[in-house]
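Residue numbers (our numbering), protein chains in the order written: chain L, -10 to 825; chain C, 5 to 269; chain A, 540 to 724.
Here's what the structure looks like:
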């Protein structure tokens, strides 16, 4: 979330698209209800079905799953056509005025493609998506006059080379009529949504977009999120209270686990794992922009390497940079399971996860487990994953895999921190005893690493140094606070500034990452995750009591905006709303009294307010950029997006996205219709897996002639993810006891299905049984003049536990997003029939 | 009439069922075995293990679909038939006016089960050998409330659909909410429980007719209970043994027969 | 955990204060007639389910067994409220299905065997070393890549930050490339 949960109360319009917070984040409705009741906020729900969130909405708009870019693009078009954008915000804070290469062409001209597509490797060369640059004179650090390239700015939003003109042209095709034909949303309903949400473009209003996996779990998932960001930038809704682009994350600490980089391509704090093309540290560090706050990236990498390899990480050996594994490809979820299926993966660790239930094309993925030599599972319960070898229909004698099932403590049986969707880190105290011999995960990891180190103790091979030199000193019995201290960062020696003043004495915890950015000897710092630096540092709780920041429970709420700066600690720098420089006008004053958050105090020459400014505190709004400067010196006092090389919010993304600088609609891999927007049916950069295609278990793709019904998957309030922590609990099992599928009355009548009947749902990957839940909450869709049925089902169930049922993921396809590789769980084709 | 009340504002309820589980959690009520039969609603009925639950109802009028959620439990009627038929005084209007249940005093006769126009109390067999039973129902968390806490369900409700406090204040909240909803175009918004059965301790804000939620449009005090109440009670419990028993059993049998008819349909 | 203990006490008293009804309502019936049948709780923690981060107040007995849970009125996210999942926490903590012992399933076996921690840690470390050593890729095209593609790691988004950080450090030190978890899916 750019914003946070309590901030929902500050919103004037809440647009839920691709999420169902009433179902999956019920407490969010405490704050949404407050906004509706106290401010008269409008609630808009856009979803394939009338869900629990929709039941409370002022406006509900149905949408066929997988067509969000058309809907959001339609909103962008409406905002531009009707000039409802916040022009001052757009001109100052976004790249709307930046000129794009004259060679750039978009899908309007190239029938779905952007310029630069190479058929040979199904990838784009983004050369034509780049900013035009011009040379300006500037003084470098030594005071010498030099020529520097800077992005060329257009004189007006109408300049045909400007980002804004390209944006307008691109989305002019996304008409209300197209929305109706592609999404199946009636035009009148769409226009009501557009009118209601676009009203937040007014300077004294703000609107928030809430989304979850309904946006991301698509082959255009990343571009869906981009489309929301574009809309919010146009309306001036980013960085302001009650605004934002807010990902409602699913698990209690999925934000933290992401921050800690349990993802193939990353390192803690979003530093990125090196690739084999980055042979040394110097090459690796060139990836960091030199004209944004990322100019400190090299320092953050160094302090991470010092945290991991301590004295063995020296300036001479690139701080042990080569101890890090380097990737040579995509090691994400789907390729991981494809490798396991092919048998190249021999061992698997599973920590608090049940991939047997949660992976796509699950029948194929599960076969992968059988090819493992060994599997280690750290869990609260026996799950379908740990017991895959005794699943129904499986002969244990034919499975060689050894399984070690290690009993773990649950969240209440151990102490540690966890990070909310709003980036707020809270300390969770141990309040109960683990059962039997169950142990905390860090205890297990500590024992294992100590044993592995012992196993390698006699090695002199270079390749074993990463293990042998690994800093692993958390006590005889691991102390979670020692781990927290390392994540936060501490001084290995006295940390000093350029004038030799001691900033942090040896052994002390770091007050925050600015110390890393300013220290002369930053390599005297060990910091496991720079964005968390400060979370475990002593801080006042607002009442004069000092404690590790993350443990604070202070109740002060200056300004009444719900920022609560003395409660816990939010990354980065205890900042509650990201990009909050943009909550003030370019001149530094709030857009309106009611949306006041941070502002420039001209008298004190500092940014101040109710939140920690997302800005250099002393940088005046009229500061000029020094194009020859390094880091934020290269940015002006109106450059609100300090992590971007040009300081601007990107309406147009010249880099970072694989399938184009602007979100463009392509149909899901399995779709009931031809693409009604262009001849390009499917996202051209997405890899389509074809392992054992045509076999009973394989990467099969279905077509509408055999599977005419669109299906999506969802979650339930009463269950949680793959089910171990809910399907084993009697009260929750009682409330949602088994698998069902939601079917419209119309489809049920056509198929002769009654409510409560047992039905079979088939896709190209498999078939499952479920109880039919026949409901008025689903309606058929008219897509391009043709009636299309749409159904949906929860995916929590499988065969272990008190509440059991077939798994929806037996049906989902093995295909991922063009950027993030997140699997497509939300739009695929099926057929459904009554059993017997 | 009760001096305090619980308000169920269905226009705010998201059916997270925090109330349903909070009740089970606070009172340590066991889960029952349920089955997916084509509804989000489970358990499908109140029971000795389920004193409060949320019902799910789809209602379409004027082209507008509503998914109606109703927190259901003891209504704490002012004219409470259950209190009137209770031979032991286990069921009583307490000082605050809501219907408390003292399980120690309950003899398991089951009259309350039959008398309730909302079908709320249930008999809980506490000894399978002797067949000894006790009534069970929502008491509005009589232990929490008398110790200065709000009922478990009210405390836990995320959107504030459940509120609790002085009945006059709750009524005023409810009426104001109805006005707001009507102004927003919810034409069928109304309160429920203001006057029904002398006034309910569980008040509702509804956005559709009561029947769309499965509530009786006009709940009626059972006529036979009236008869029993008027004839038997003046005679006193001790002196009216035969007559009381006779009437009650008679009434009970009639009611049972009627119920089993309904079930067979 | 001195700090948190002091926190607990503070939270406990704050919780009761917040829950008190106005004086006109409290004491309408005699507390002695209906004593609280269990303790409300005094220790504060955080819900393990979704990502809102709601505060939970827990009462436990002397053995650490959970007796009651309810929303923490001081936690800014939920202010005392909770939905159905966290209210079922006693059944998570006290479930008879919770794993209490290390279990091992041998190749081609049809059952679990109970083992102890020392055995499991020792055996797992042997497997890790054998697999890593047999398949480790130190160089690729003249570049040091220090990578093993034969061991994969999955999980976990319900773990604490400190668990996750250590897991990343653990996995990357071994050279694990296939490092993924719930955030991807």
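The beta carbon of each residue, even a glycine, is placed where N, CA and C say it ideally should be.
- Beta-bridge annotation (DSSP): residue 96 of chain C is paired with C:104.
- Going by DSSP, residue 720 of chain L is part of the alpha helix (DSSP H) stretching over 719 to 724.
- For residue 69 of chain L, the enclosing alpha helix (DSSP H) has its first and last residue at 57 to 70.
- Listed along chain C is no residue with a C-beta nearer than 7 Å to that of residue 657 of chain A; the closest approach is about 38 Å.
- Residue range 76 to 82 is occupied by the alpha helix (DSSP H) that includes residue 79 of chain L.
- Residue 379 of chain L belongs to the set of residues whose beta carbon lies under 9 Å from a beta carbon in chain A.
- Assigned with DSSP and collapsed to three states, residue 358 of chain L falls in helix.
- Taking C-beta separations shorter than 6 Å and ignoring five residues to either side along the sequence, the partners of residue 628 of chain L in its chain run 636, following chain order.
- When C-beta distances to chain L are compared with 7 Å, the residues of the region 581 to 601 of chain A below that value are 582, 583, 584, 585, 586, 587, 588, 589, 590, 591, 592, 593, 597, 599, in chain order.
- If you draw a straight line from the Cα of residue 318 of chain L to the Cα of residue 717 of chain A, it comes to about 10 Å.
- Only those residues of the region 638 to 654 of chain A whose C-beta falls short of 9 Å from the nearest C-beta of chain L are listed: 638, 639, 640, 641, 642, 643, 644, 645, 646, 647, 648, 649, 650, 651, 654.
- Secondary structure remark: continuous alpha helix (DSSP H) runs of at least 4 residues inside the region 256 to 326 of chain L, in chain order: 270 to 274, 286 to 298.
- The beta-carbon of residue 713 of chain A is placed no less than 9 Å from the nearest beta-carbon of chain C.
- For residue 779 of chain L, the enclosing beta strand (DSSP E) starts and ends at 779 to 783.
- The Cβ of residue 529 of chain L sits no closer than 9 Å to any Cβ of chain A.
- At a cut-off of 9 Å between beta carbons, residue 607 of chain A makes no contact with chain L.
- Unbroken beta strand (DSSP E) stretches of 3 residues or longer found wholly inside the region 112 to 144 of chain C: 126 to 131, 136 to 140, given in chain order.
- DSSP lists L:749 as the beta-bridge partner residues of residue 758 of chain L.
- By the criterion of a C-beta distance shorter than 6 Å, residue 190 of chain L is surrounded in its chain by 73, 74, 75, 224, once the five residues flanking it on both sides are discounted.
- Residue 57 of chain L has its alpha-carbon roughly 47 Å from the corresponding atom of residue 452 of chain L.
- The C-beta of residue 678 of chain A has fewer than 16 other C-beta atoms within 10 Å across all chains shown, which makes the residue exposed.
- In the three-state DSSP reduction, residue 86 of chain C falls in the helix class (H, G or I).
- Identification of residues in the region 461 to 479 of chain L having a C-beta nearer than 7 Å to some C-beta of chain A yields 469, 472, 473, 476, given in sequence order.
- In this structure, the beta-carbon distance from residue 361 of chain L to residue 382 of chain L does not fall below 9 Å.
- If you look at residue 596 of chain L, you'll find it in the beta strand (DSSP E) that goes 595 to 598.
- Counting every other CB atom within 10 Å of its CB across the protein chains shown gives residue 685 of chain A a total of 16 or more, marking it as buried.
- Just measuring C-alpha positions, the residue of L:115, L:230, L:67, L:678 sitting nearest residue 552 of chain L is L:230.
- The region 137 to 150 of chain C makes contact with the region 43 to 61 of chain C: 3 or more CB pairs, one atom from each, lie closer than 8 Å.
- Chain order gives the chain A residues near residue 427 of chain L as 637, 638, 639, 640, where near means a beta carbon separation below 9 Å.
- In the same chain as residue 234 of chain L, and ignoring 5 residues on each side of it, the C-beta atoms closer than 6 Å to its own belong to -9, 198, 217, 218, 221, in chain order.
- Contacts with chain L at 9 Å (Cβ-Cβ) include residue 15 of chain C.
- Taking C-beta atoms as the reference points, residue 696 of chain L and residue 659 of chain L count as a pair closer than 9 Å.
- Proximity of residue 39 of chain C to chain L, defined by a Cβ-Cβ separation below 9 Å, is satisfied.
- Residue 667 of chain A belongs to the set of residues whose beta carbon lies under 9 Å from a beta carbon in chain L.
- Boundaries of the beta strand (DSSP E) around residue 730 of chain L: 729 to 733.
- DSSP places residue 696 of chain L in the coil class of the three-state scheme, outside both helix and strand.
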